[in-house]
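Protein chains in written order, with numbering that gives the first Met the number 0: chain Y, 0 to 345; chain F, 0 to 248; chain D, 0 to 285. First up is the structure itself, then whatever we jot down about it.
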Amino acid sequence: MNAISQDVTAMTDSSAATAESRAAKFMKRRNRIRFYEILVWIAAIAAIFVAPTKLLILTEIAILALFAVSLDLVLGFAGIVSLGHAAFFGLGAYIAGLMALHFIAEPVVGLIAAGLVSGVLGFLTSFLILRGSDLTRLMTTLGIALMMAEVANQMAWLTGGADGLGGFTVGPILGTFEFDLFGRNGYIYCLVVLFLVTMIARRLAFSPFGLSLKAIKGNPMRAGMVGVPARRRIVAVYSLAAVFAGMAGALLTQTTSFVSPDVLAFHRSADLLMVLVIGGTGYLYGGIFGAIIFTLLKDWLSVVTPQYWMFWIGLILVAMVLTGRDRLARWIEFLPDRFSRKEAGR
Amino acid sequence: MTGIVLETKGLKRRFGAFLATNDVNLKVERGARHALIGPNGAGKTTLINLLTGVLPPSEGKVFLEGEDITSLASFRRVKRGLTRTFQINQLFTDFTPLETVALAIAEREGIGHNLWRSIAGYGAVVDEAAALLDRFGLASVMGERTAILPYGKQRLLEIALAFASKPRVLLLDEPAAGVPEDERHEVLAIVSDLPSDVTVVLIEHDMELVFSFASRISVLVAGAIFTEGTVREISADPRVKAVYLGENA
Amino acid sequence: MLTILFDGIAYGMLLFILACGLTITLGLMNFINLAHGAFAMAGGYITVVMMNRYGISFYWCLPAAFLLTAAIGAILERTLYRWLYQASHLDQVLFSVGIVFMSVAAADYFMGGQQQLINLPPELSGRMEILGVGIGRYRLFTIVVCAVLVVLLQLILSRTRFGSRLRAAVDDRRVAMGLGINVSFVFALTFAFGSGLAGLGGAMGAEILGLDPNFPLKFMIYFLIVVSVGGTSTISGPFLAAMLLGIADVAGKYYVPAIGPFVIYALMIVMLIIRPSGLFARGAGR
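Structure (structure tokens):
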């Protein structure tokens with residue numbers, strides 16, 4: 000009787016059929032593997048042979064990249080600004096250290112344990128960030144990280160306090176691959192973990208779950224109105240991100256055989272935001288590119304001005320925000336008037 | 000099957016000292032074409048916000064098919080078949096129309112929590128999304144970023160998105176608002192072609208559209224229901240004219 | 000016991016003077032300025048340099064710290080901050096963290112990483128006994144100065160023309176503009192004033208809070224607590240919050256040194272959860 004209530008039989012006319020095949024193509028194109036993705040992994044593997052003396056800094060990059068991919072799930076997908084992601088990184092680092100010290104020297108077990116414990120903390124604290132504005136979320140996440148740092152500092156009998164936790168040796172990976180002096184196996188280990196986590200995050204990004212996260216970020220009110228249970232999704236992604244952040248912390252412990260309270264420091268959370276902003280949020284590889292640029296930059300600065308590199312990092316942050324804003328503003332000029340106002344008001 | 004599908008009892012909403020919704024008792028019959036009219040600031044959009052859980056009411060209750068849904072979150076109301084469009088587009092501007100509609104279908108089908116399988120792997124969802132976009136005249140732009148679509152197309156997507164949830168009750172908040180004249184007929188055709196088993200509540204200022212579309216009309220003035228009746232009754236009611244003329248004067 | 004209370008009040012007063020500028024930036028301009036402590040640090044270092052290098056009296060240093068920091072605030076507001084009022088919160092956070100990093104490194108470069116000491120005038124140092132309560136003279140001085148400032152602030156906001164313009168700009172920026180109020184000038188002046196107060200607080204707090212390049216990072220959370228617990232729509236809210244925090248912190252450090260900070264962070268999070276939007280009733284409506 001009318002166009003929309005017509006059932007499937009009447010619908011399979013030519014235009015609908017074309018639409019369906021085009022839609023299928025669009026959807027497949029969404030998650031095709033991009034050229035740069037292959038390039039990243041080839042370069043990462045090639046580095047083992049090309050730059051065998053730089054493996055320590057490459058390991059550092061891989062760990063930071065993993066940490067950044069974790070935050071990207073929270074920030075780039077769900078749109079939650081966190082100033083305390085180091086809480087999970089630090090907890091993972093300490094768990095891995097304590098595992099190696101008291102229970103088992105094999106690192107993969109420690110890695111999984113660290114991820115699980117951090118994930119539990121992420122799950123428990125995720126309920127604190129469900130409500131409120133950006134500002135309350137910032138403060139809550141910051142507060143949690145500061146509390147963790149305070150706990151680590153005060154429970155010296157367990158964590159070594161300000162002196163840090165050391166005196167443990169990390170055993171061979173899977174009982175076979177020793178951590179060597181050049182950091183070769185350590186790098187490969189970190190790279191494998193980074194690769195696996197990135198692939199998991201990638202699947203997530205193109206799943207209905209990932210789409211719903213971006214919907215929550217883009218327009219939380221409408222997301223509710225198409226049936227997205229936002230709270231549950233945020234709890235899930237925040238917990239998962241905490242698992243990955245904890246694993247990143249564990250990798251740091253295991254490759255350096257030491258944990259200092261620095262793993263929970265504020266600057267770690269702030270640096271991480273900077274990494275993501277350099278690389279771009281919401282497409283996972285931003286974390287990896289950002290980690291590469293940030294680590295090389297920091298390394299170079301700390302050679303040029305050993306004591307004052309922080310100044311230049313700060314300057315870059317400020318410059319980035321100010322120019323980024325301009326770029327965004329030019330962007331908006333291309334949109335119809337109605338939308339530019341809406342974007343600016345956000 | 001007839002009966003009351005959507006009902007409010009003593010619904011009130013205050014903003015500070017301002018009473019935006021004042022003791023509204025609304026009954027919407029199954030399959031009705033129910034128009035909600037009233038001058039600007041009468042509280043029409045506030046009422047829709049209360050019905051859909053965007054705002055909590057200060058007092059009173061909302062019932063869907065006889066069940067109390069007052070304290071349910073928006074997404075739960077959507078799952079029960081109550082959804083809406085917005086007066087000002089509330090779209091996912093970074094999404095394509097295809098992604099937008101596919102998301103709503105995925106959530107409706109209860110696969111939104113799946114984080115392992117790509118959407119492309121759900122052939123039925125993609126096909127349905129494509130068919131829906133085709134019916135709403137959006138097939139040609141399904142792969143574009145929503146933000147760059149012409150306003151009329153965005154308006155259609157706004158309705159298509161609500162429709163993707165397969166609502167039993169659909170609340171349309173000024174569907175043709177802001178649409179340029181030459182794209183307007185497209186939106187209106189879609190609205191008047193909505194399937195008859197879907198109950199539609201329509202907010203609209205265009206009286207011509209209201210009178211041709213609606214089976215029943217409620218007039219809202221200053222947050223309260225001023226009068227209610229059939230199209231014939233309302234169009235003949237001199238008080239309703241006065242309310243509108245008073246606004247224009 | 001009473002001495003602790005007294006010290007706590009002095010500390011709380013200082014925190015209020017330090018943080019009330021942030022209350023305005025956050026509440027009025029909806030700007031997350033994590034670099035607020037950098038202005039306080041600037042005030043502290045100005046005092047140190049003036050006193051220790053040029054031998055200028057402490058009493059002259061305080062107004063100088065206020066004016067110079069206010070000038071720095073005004074310059075930064077005009078050149079940098081005002082571009083970011085409309086930016087996303089993430090941008091604001093990154094920007095102000097960048098400022099914090101720069102200020103920390105710059106302080107280290109010019110002044111060195113050590114704790115700075117100032118020699119208070121003799122009449123302000125030492126303790127005295129009043130009704131059997133040991134009272135630090137400097138703390139008494141702090142309380143008196145801060146109390147005068149609080150009263151002045153309240154009067155400025157409620158009685159003067161500038162105060163009413165500011166409140167108009169808080170309530171509705173567009174309407175205020177329509178009324179012919181130069182909102183951007185009001186904002187700049189307010190920002191400068193808030194920075195100046197922070198500078199003054201930093202100058203006075205150098206003795207009580209300590210002063211080293213990490214000051215902006217160390218006290219960032221305290222300022223945020225004052226603002227979040229006190230809310231941004233009144234002067235009395237943040238004032239009470241600052242007093243509470245000051246007393247709790249001093250008492251905590253004295254009685255339960257092991258878990259003092261922990262308790263404060265935990266309390267903050269609880270507050271944020273119980274009243275997340277109520278505390279920011281004005282700020283969150285963006």
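Beta carbons are placed, not taken as given, at the ideal position from N, Cα and C, and that holds for glycine.
According to DSSP, residues forming a beta bridge with residue i
| i | result |
| --- | --- |
| valine 218 (chain F) | F:Ile36 and F:Thr226 |
| glutamate 58 (chain F) | F:Lys11 |
| leucine 81 (chain F) | F:Val168 |
| valine 302 (chain Y) | Partner(s): none; valine 302 (chain Y) has no beta bridge. |
| leucine 164 (chain Y) | Y:Val258 |
| aspartate 90 (chain D) | The partner list for aspartate 90 (chain D) (beta bridge, DSSP) is empty, contrary to what the question assumes. |
Supposed contact pair residue j and residue i - C-beta distance, whole angstroms, cut 8 angstroms
| i | j | result |
| --- | --- | --- |
| leucine 210 (chain Y) | glutamate 108 (chain F) | That belief does not hold up - the Cβ atoms of leucine 210 (chain Y) and glutamate 108 (chain F) are roughly 13 angstroms apart, past 8 angstroms. |
| glycine 245 (chain Y) | glycine 91 (chain Y) | 3 angstroms |
| glycine 182 (chain Y) | proline 106 (chain Y) | Contact flag wrong, Cβ pair sits at about 14 angstroms. |
| glutamine 89 (chain F) | aspartate 172 (chain F) | So it is not a contact: roughly 10 angstroms between Cβ atoms. |
| leucine 50 (chain F) | threonine 20 (chain F) | With 8 angstroms as the limit, leucine 50 (chain F) and threonine 20 (chain F) do not qualify as a contact, their Cβ atoms being about 10 angstroms apart. |
| alanine 205 (chain D) | threonine 46 (chain D) | 6 angstroms |
| tryptophan 36 (chain D) | methionine 219 (chain D) | Reading the sequence as shown, one finds glycine at residue 36 (chain D) and not tryptophan. So it is a contact: roughly 5 angstroms between Cβ atoms. |
| proline 212 (chain D) | aspartate 107 (chain D) | 4 angstroms |
Limits of the unbroken alpha helix (DSSP H) element including residue i
| i | result |
| --- | --- |
| aspartate 388 (chain Y) | Absent from the model: residue 388 (chain Y). The displayed extent of chain Y is 0 to 345, so no value can be given. |
| glutamate 157 (chain F) | 150–163 |
| glutamate 250 (chain F) | Look at the range of chain F in this structure, 0 to 248, and you will see that residue 250 (chain F) is not part of it. |
| alanine 198 (chain D) | In the sequence as presented, alanine is not what sits at residue 198 (chain D); that position holds glycine. Start and end: 182–208. |
| glutamine 153 (chain Y) | 133–153 |
| leucine 82 (chain Y) | Segment: none, leucine 82 (chain Y) is in no alpha helix (DSSP H) and carries neither H nor E. |
| glutamate 106 (chain F) | 96–107 |
| histidine 101 (chain Y) | Per DSSP, histidine 101 (chain Y) belongs to no alpha helix (DSSP H) and is neither H nor E. |
| glutamate 207 (chain F) | 206–212 |
| valine 140 (chain F) | First-last for valine 140 (chain F): undefined, no H or E at that position. |
| isoleucine 31 (chain D) | Taken as a continuous stretch (DSSP letters only), isoleucine 31 (chain D) belongs to no alpha helix (DSSP H), as it is neither H nor E. |
Three-state secondary structure (DSSP) of residue i
| i | result |
| --- | --- |
| asparagine 21 (chain F) | strand |
| phenylalanine 88 (chain Y) | helix |
| phenylalanine 176 (chain Y) | strand |
| glycine 282 (chain D) | At glycine 282 (chain D), the pLDDT of 38 sits below 50, so the modelled position is not reliable and the matter cannot be decided from this model. |
| threonine 198 (chain F) | strand |
| isoleucine 61 (chain D) | Sequence check: residue 61 (chain D) is leucine here, not isoleucine. Correct three-state label for leucine 61 (chain D): helix. |
| isoleucine 134 (chain D) | strand |
| glutamate 122 (chain D) | helix |
| glutamate 6 (chain F) | strand |
| glutamate 66 (chain F) | strand |
| proline 219 (chain Y) | helix |
| glycine 179 (chain D) | coil |
| serine 211 (chain Y) | helix |
| valine 149 (chain D) | helix |
| arginine 324 (chain Y) | With a pLDDT of only 45 at arginine 324 (chain Y), under 50, the local geometry of the prediction cannot be trusted, and the value read off the model is given with reservation. Arginine 324 (chain Y) falls in the helix class under three-state DSSP. |
| valine 226 (chain D) | helix |
| leucine 139 (chain D) | helix |
| isoleucine 16 (chain D) | helix |
| arginine 116 (chain F) | coil |
| glycine 286 (chain Y) | helix |
| methionine 0 (chain D) | coil |
| tyrosine 80 (chain D) | helix |
Boundaries (first-last residue) of the beta strand (DSSP E) holding residue i
| i | result |
| --- | --- |
| valine 49 (chain Y) | Segment 34–49 is the alpha helix (DSSP H) holding valine 49 (chain Y); no beta strand (DSSP E) there. |
| glutamate 28 (chain F) | 26–28 |
Contact list for residue i against chain F, beta-carbon separation under 8 angstroms
| i | result |
| --- | --- |
| leucine 72 (chain Y) | Per Cβ cutoff of 8 angstroms: no residues; leucine 72 (chain Y) is ~10 angstroms from chain F at best. |
| proline 51 (chain Y) | Within chain F, no residue comes near proline 51 (chain Y); the closest Cβ sits about 37 angstroms away, beyond 8 angstroms. |
Contact list for residue i against chain Y, beta-carbon separation under 7 angstroms
| i | result |
| --- | --- |
| glycine 142 (chain F) | Phe25 |
| leucine 98 (chain F) | According to the sequence shown, residue 98 (chain F) is glutamate rather than leucine. In chain order: Leu210. |
Min CB distance residue i to chain A below 8 angstroms
| i | result |
| --- | --- |
| alanine 269 (chain Y) | The chain labelled as chain A is not found among the protein chains of the depicted structure, namely Y, F and D. |
Chain-ordered neighbours of residue i on chain D, where CB pairs are closer than 9 angstroms
| i | result |
| --- | --- |
| glycine 159 (chain Y) | Near glycine 159 (chain Y) there are no residues of chain D at all, since even the closest Cβ is about 16 angstroms away, more than 9 angstroms. |
Beta-carbon neighbours of residue i, restricted to chain Y and to distances below 9 angstroms
| i | result |
| --- | --- |
| valine 103 (chain D) | Met309, Phe310 and Gly313 |
| leucine 50 (chain F) | Neighbours of leucine 50 (chain F) on chain Y: none; closest Cβ ~12 angstroms, over 9 angstroms. |
| arginine 83 (chain F) | Met224 |
Contact set between residue i and chain F, taken where Cβ atoms lie within less than 7 angstroms
| i | result |
| --- | --- |
| proline 228 (chain Y) | Phe74 |
Amino acids of chain F, ordered along the chain, whose beta-carbon sits closer than 9 angstroms to that of residue i
| i | result |
| --- | --- |
| leucine 203 (chain Y) | Leu114 and Trp115 |
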